[in-house]
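Visitor:
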Amino acid sequence: MDNNENVHVIMHPIISSIQKIALYETKTKLCIIASNNTQSVFRVLNIDRMEPLELVLADDGVEYTQEQVWELVQTLDPGGRSRANTSRAVSAFGIVGFVRFLEGYYLIVVTKRRRVAVIGLHTIYKIEDTSMIYIPHESVRIPHPDEPRYLKMFQSIDLSSNFYFSYSYDVTQTLQVNMSIPINLDLYSGCFKSSTHASNVEDAENIDIFSESDNSTSDIRNKSQSSSTGCKQTKIKRVVEYAVQSIPNRRFVWNLHLLSKIENILRPDWILYIMHGFVSQSAVNIFGRNVYITLIARRSCKYAGTRFLKRGANFEGDVANEVETEQVVEDTGVSSYDSPRITSFVQMRGSIPAHWSQDISKMVPKPAIIFDLSDPYSETAGAHFNNLLYRYGSPIIILNLVKKREKKKHESQLSEEFSSSVRYLNKFLPVDHCIQYVSFDMARMNKGKEANVMGKLADIARNAIFKTGIYQSFKRADGIAMGRSNNLQTGIIRVNCVDCLDRTNTAQFALGKCALGYQLHSLGVLGSTNLDFDSDCVRLLEVLYEDHGDTLALQYGGSQLVHRIRTYRKTAPWTSQGNDIMQTLSRYYSNTFSDAEKQHAMNLFLGLFIPEENQSPIWEMMTDYYLHHLLAVGKQTRRRFPLTQWWDAKVMVSLPVAYAFKYRTCARAIRIERRDLEFVDAYSDFHRPHELSVLNDTYAYKVSHSVRDFMPHCVTDFSPFTVRVRPGRRREDIAKVMKNPSLTGQSSTSSTTSSASSSMESDDDDIESKCSDSYQSSPAKDASCYGNIVTFQSFFPSMKEIYGVDISNPGREETIMYKRYVITDRIVNHPLTSKLSKQEFKLTNQSSFMEDSSFEIKPPSVHEDAVNIYKEYVAKSRGVLLDENAKKLYERYEKCELGLFT
1 MDNNENVHVI MHPIISSIQK IALYETKTKL CIIASNNTQS VFRVLNIDRM
51 EPLELVLADD GVEYTQEQVW ELVQTLDPGG RSRANTSRAV SAFGIVGFVR
101 FLEGYYLIVV TKRRRVAVIG LHTIYKIEDT SMIYIPHESV RIPHPDEPRY
151 LKMFQSIDLS SNFYFSYSYD VTQTLQVNMS IPINLDLYSG CFKSSTHASN
201 VEDAENIDIF SESDNSTSDI RNKSQSSSTG CKQTKIKRVV EYAVQSIPNR
251 RFVWNLHLLS KIENILRPDW ILYIMHGFVS QSAVNIFGRN VYITLIARRS
301 CKYAGTRFLK RGANFEGDVA NEVETEQVVE DTGVSSYDSP RITSFVQMRG
351 SIPAHWSQDI SKMVPKPAII FDLSDPYSET AGAHFNNLLY RYGSPIIILN
401 LVKKREKKKH ESQLSEEFSS SVRYLNKFLP VDHCIQYVSF DMARMNKGKE
451 ANVMGKLADI ARNAIFKTGI YQSFKRADGI AMGRSNNLQT GIIRVNCVDC
501 LDRTNTAQFA LGKCALGYQL HSLGVLGSTN LDFDSDCVRL LEVLYEDHGD
551 TLALQYGGSQ LVHRIRTYRK TAPWTSQGND IMQTLSRYYS NTFSDAEKQH
601 AMNLFLGLFI PEENQSPIWE MMTDYYLHHL LAVGKQTRRR FPLTQWWDAK
651 VMVSLPVAYA FKYRTCARAI RIERRDLEFV DAYSDFHRPH ELSVLNDTYA
701 YKVSHSVRDF MPHCVTDFSP FTVRVRPGRR REDIAKVMKN PSLTGQSSTS
751 STTSSASSSM ESDDDDIESK CSDSYQSSPA KDASCYGNIV TFQSFFPSMK
801 EIYGVDISNP GREETIMYKR YVITDRIVNH PLTSKLSKQE FKLTNQSSFM
851 EDSSFEIKPP SVHEDAVNIY KEYVAKSRGV LLDENAKKLY ERYEKCELGL
901 FT
């Protein structure tokens, strides 16, 4: 780059221009008319209905106006004869994909969505309902007897249960990736350079990077146009603008098979990537300043399945029940698009990377653990950890919660296999990047009344998070950095037990609680990094993680959590034991009788099994082992490494930063030559004057809130970090929060157990009565009961106590005076005496009010004498020269050097 040229890079986040869809059908074709959110730009996609087996699409790539689209709808019928044969099939918000079994293709669209989270200016939606539309016309349909069963099996994957998408934010990537600047930018041609590095663009001399909303953007453009080329020393300011479009992490995209026919054919705006897992958001109110806590769990589509049918890992290192959990904290009070105040922390869970399974042919509570294959060189575990180094960097910290000692060996043999694999793999790694293995027997530690499981987990979490760090979108003013890099998280904390459900979720909550303290401290809203249990903030986080655990347990195990966070805190009520038994029975029934059908449906949905003519149907397969272990059928899916070097050499070069983040592009940067792209526009998204907006239905009112949902009603200390402990039952047992969103489908913000929710109303009233009673009897004792408790009288004092005046009925004299006033008014306004009364009566107000308003202010009147005094003062000051001493005195006054101002 020429040193005389100053290049300014402006990054514009783009949003899909297809957010609303209207589908019209005729006998010969399906016409999909799509528009953006403001319905200012329209696109058209035609699908041939006369082809019985193949998918034939036509995207003309033309942007239409509303008038042009209306004319197109009028002539949809061939020849434009009439609209009798044209009907509007469905209205939708996006295309999930296309699928074919043994007949023609089906179109799957999102017909109902719900906003569940907002990150910056980006909105994340949950799919509430979908519709499957058979594309071929009935006149060309070729029926097949197995088609209805395949269709029913496919539809058993409930797309309205915990599937998420966004038009502008990549839900499959972490916040750290989404907020990174795309690498390999060519500032001259707008293409990628394979030899450059991300830091070359960020740190290069004479390059400034601005966001779309930066106020200096327009000034830069003006200066660049008016720059002169005559002087060599003058740096020419040139603006280079890019539109950023993220590349999804295909590991967490669940509709890849459904998009396989159109992903490389249609424009990117038609493609909608769907994530499966969990998304929930809550607001912590810190004295009027809202901090949003968002929990995002991404479930991997690799080696996906149900509990007992998918254990361990496959040959590629993909483990069962792999979930990436991200905790995002944003300070919305001071955030802006060009300088956001947002942090994130990422952790993961996954099965032990070995070839093991459990025999469920016999109905026993604990099926025997079987090692299917011997792996003396830990190649499967090596492939798994190589992938983690590639995606997250180092250090990799394993928190293994499986039992270590048992009277009869059961799950302890998994710990032995896991620890031996880690020891073997570490022999070939550099010391700085060795896998760190921490074993903690939660089940053994939880025995006894004096057990302190959460305290031990807190110590482990503090040490682990200090090594990995957290991501910050900003640099601390005090120079303090969390972890090895200034504002990046390097490495990952991997948590597992046998099922990666109950114990794992409690440990992940402990990690999240510790990380939240660091996140709030880095945002400047918390003085230290410590967060106490029994505070509103931690209760809110606990509900988020319980929802998170319940949802993932339902997806993998068939029931909600059995052992919860309060179980390990020794605060669970005795009534929850019956609920735990019911959850255990539900999970056992699901694993025994319905998991096989769920596994078939998942294999069909993900495209692992594609139905073909003259092939055995999926329900006749004895096992799906060969669908998930391609190496067993001779298909080599990954490069083999030497046994003494199980990692990829290029991965080791980039550590501790992940190779995927440091050397590869996670986003497309499109050089903007013309304004044909749709950019994120928060104003048009929220300000919609043509629609009726009910405030109670807006997302800001629906999101779970620390004051409304967690703070007790009888407190005066509004800090969400205050410890609120009440003798007897705890508030989380009777908290006024909604049921699990994965069960009710109504909300994804908070949840509670079934035993607690049945008595919410009566128990909440009981809280207030007990608090007021205890306050009257023993104020000192109740100082710890939700803060300083007050009575109604002390919280709302009388007017006499505040102003010294009390409201009373008017006396006899005031009543007589008022009656005289009324009689006089009647005489004045009487039509027969109005002329006479105006001459004899003149009523004046005893008090008057100013006529000023927010639209007009009457200027004050100034007396003539005051005007003359001011004129004389101005006249005397003219022509007066100050001496040197007076000047020096005035300069000292300006610099605040006088004793009165220092």
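The C-terminal residue of the sequence shown carries number 902 in UniProt numbering, and the numbering is unbroken.
Each residue gets a CB set at the ideal place from its N, CA and C atoms; glycine is no exception.
(1) When you compare each of V140, L401, Y392 and G333 to I352 by their alpha carbons, which one comes out closest?
(2) When you compare only the Cα positions, how much space is there between K887 and I869?
(3) From which residue to which residue does the beta strand (DSSP E) around residue 912 run?
(4) Does DSSP put K662 in a helix, in a strand, or in coil?
(5) Identify whether G277 lies in helix, strand or coil by the three-state DSSP scheme.
(6) Taking just the CA atoms, how far does H521 sit from L511?
(7) Could you give the DSSP three-state label for I802: helix, strand or coil?
(8) Going by DSSP, what residues sit across from Q436 in a beta bridge?
(9) Helix, strand or coil for F466, going by three-state DSSP, please let me know.
(10) Checking 7 angstroms against the spacing of the C-beta atoms, do R349 and V323 come in under that value?
(11) Are three or more beta carbon pairs between the segment 135-148 and the segment 43-54 nearer than 8 angstroms?
(12) Go ahead and pull the three-state DSSP assignment for H122.
(13) With DSSP as the reference, please indicate the residues paired to residue 905 in a beta bridge.
(14) What does the alpha-carbon distance come out to for the pair S131 and P143?
(15) Using a Cβ-Cβ cut-off of 8 angstroms (strictly less than) and excluding sequence neighbours within five positions of L627, which residues of its own chain qualify?
(16) Once the 5 residues before and after N885 are set aside, which same chain residues still bring their CB inside 6 angstroms of it?
(17) Kindly list the residues whose CB is nearer than 6 angstroms to the CB of I465, restricted to its own chain and excluding five residues on each side of it in sequence; keep chain order.
(18) Quick one: give me the first and last residue of the beta strand (DSSP E) that Y24 is part of.
(19) State the start and end residues of the unbroken alpha helix (DSSP H) segment that holds D717.
(20) I need the DSSP call for T551, collapsed to helix, strand or coil.
(21) Is the beta carbon of V109 sitting closer than 7 angstroms to the one on I95?
(22) G350 by DSSP, collapsed to three states: which one?
(23) Quick one: what's got a C-beta closer than 6 angstroms to G728's C-beta in the same chain, skipping five residues either side?
(24) Is there contact here, the segment 378-391 with the segment 307-322, by at least three beta-carbon pairs under 8 angstroms?
(25) Terminal residues of the continuous alpha helix (DSSP H) containing Q413?
(26) Buried or exposed for R88, please, with buried defined as at least 16 other CB atoms from any protein chain shown within 10 angstroms of its CB.
(27) Since F42 and I32 should fall inside the 8 angstroms C-beta cutoff, what is the C-beta to C-beta distance between them, to a whole number of angstroms?
(28) Going by beta carbon distance, what residues of the same chain come within less than 8 angstroms of Q68, once the five residues before and after it are set aside?
(29) Within 10 angstroms of the Cβ of Y568, are there 16 or more other Cβ atoms? Answer buried if so, exposed if not.
(30) Out of I369, S616 and L45, point me to the one whose CA is closest to residue 931's CA.
(31) Assuming D331 contacts V525 (C-beta within less than 8 angstroms), just tell me the rounded distance between them.
(32) What separation, rounded to the nearest whole angstrom, lies between the Cα atoms of S706 and N285?
(33) Quick check: the Cα distance between D717 and H687, rounded to an integer number of angstroms?
(34) Specify, as a first and last residue, the run of the beta strand (DSSP E) that L295 falls within.
(35) Would Q560 pass as a contact of G305 if the rule is Cβ separation under 7 angstroms?
(36) What is the DSSP secondary structure of S213, reduced to helix, strand or coil?
Guide: From the atom records:
(1) L401
(2) 26 angstroms
(3) The shown model of the chain, from 1 to 902, leaves out residue 912, and the question about it has no answer.
(4) helix
(5) strand
(6) 16 angstroms
(7) helix
(8) I397
(9) helix
(10) yes
(11) yes
(12) strand
(13) This structure does not reach residue 905, given that the chain is present from 1 up to 902, and the question cannot be answered.
(14) 21 angstroms
(15) N603, L608 and F609
(16) none
(17) C514 and A515
(18) K20 to E25
(19) Taken as a continuous stretch (DSSP letters only), D717 belongs to no alpha helix (DSSP H), as it is neither H nor E.
(20) helix
(21) yes
(22) coil
(23) Note that G728 has pLDDT 41, beneath the 50 cutoff, so the model's placement of it is unreliable and no number is given.
(24) yes
(25) S412 to N426
(26) exposed
(27) At roughly 11 angstroms, the Cβ-Cβ gap does not stay under 8 angstroms, so F42 and I32 are not in contact.
(28) F42
(29) buried
(30) Since the first residue of the chain shown is 1 and the last is 902, residue 931 is not available in this structure.
(31) 7 angstroms
(32) 6 angstroms
(33) 35 angstroms
(34) R289 to R299
(35) no
(36) Legend: pLDDT at S213 = 38, less than 50; position of this residue unreliable, value from coordinates given subsequently. Looking at S213 - three-state DSSP - the assignment turns out to be coil, as it is neither helix nor strand.
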